[in-house]
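Residue numbers (the numbering used here): 409 to 677.
For glycine and all other residues, C-beta sits at the position ideal for the given N, C-alpha and C.
None of the values given here were measured: they were computed from a predicted structure.
In what follows, a structure is listed as structure tokens, so that the remarks can point back to it.
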Ligand SMILES: [Cu+2]
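Below, the structure is given as structure tokens:
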């Protein structure tokens, strides 16, 4: 008599347990299918998991500092062989410019391993060819930007790019053609030369993220709105080569970085 109610109770427990199990499995399925669209939405549109993407920067910090050169160096000049009335008789060699206080100009300082941060602003930047020199000598900008190449000299220039990832260009710019325009789509360090004036040389430093800065005549650089974290900070200079160091950015703080270079890279004159 007493066994029957017990077995009945047991069956009820089993039934309730099975129902619970069924309900929880169904819920799990619902949850996982609900998660799917969200995770797909976070994947960069390119499908490349390593690509940089824009995201709101909370409590961003600043990286600033100086590039110095402690090695042996003396300024050199280049003779002008053509159009002297416009170009002058000689030019300072821009391949290495160091101030009296050992500060290095035209070094590009940039973060290589940042995956997200402030929005990339594709820019319209200007390369001037005034007095048969490229100004600036090193022009840095994010991929997708447009370069306006100016010719205020009233003589023929011919700008020629040496690139692999981007389509090279080679364009004559007669004296009446005041502006040429090119858009550079992919990150790359591109050498630019003039086929008319052999001493004219410059660089397009095309980045994949907005965290870059070119050192000025006092050797200083500055990167702002950097999300807190530890990064690899690279330096590129056409004559001094490439070096890198780790830097940690703390929320809303400024971190100072000094690049002290002491020798030219092998093979660089
Ligand atoms: Cu030229």
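A Cβ-Cβ contact shorter than 8 Å links residue 510 with residue 477.
Scanning 502, 471, 622, 668 for the CA closest to the CA of residue 638 turns up 471.
Within 7 Å of the C-beta of residue 605 there is at least one heavy atom belonging to ligand 1.
Its Cα nearest to that of residue 624, the residue 645 stands out among 645, 640, 539. The beta carbon of residue 565 sits closer than 7 Å to at least one heavy atom of ligand 1.
Here residue 667 has 475, 643 as same chain residues with Cβ atoms under 6 Å from its own Cβ, once five neighbours each way along the sequence are excluded.
The continuous stretches of alpha helix (DSSP H) do not include residue 563, and DSSP gives it neither H nor E. The alpha-carbon separation between residue 602 and residue 650 amounts to approximately 25 Å.
In the three-state reduction of the DSSP assignment, residue 499 falls in the strand class.
Look at residue 524 here: in three-state DSSP terms it is strand. For the pair residue 598 and residue 579, the CB atoms are not nearer than the 8 Å cut-off. Classified as buried, residue 548 has 16 or more neighbouring CB atoms from the shown chains inside 10 Å of its CB. Residue side-chain check: residue 537 places its Cβ nearer than 7 Å to a non-hydrogen atom of ligand 1. Excluding the 5 residues flanking it on each side, residue 469 has same chain C-beta neighbours closer than 7 Å at 634, 636, 657, 658, 659, 660, 661, 662, 663, in chain order. Cβ-Cβ distances below 6 Å link residue 653 to 641 in the same chain, with the five nearest sequence neighbours on each side left out; the list follows chain order. Taking C-alpha positions only, residue 576 is separated from residue 610 by approximately 15 Å.
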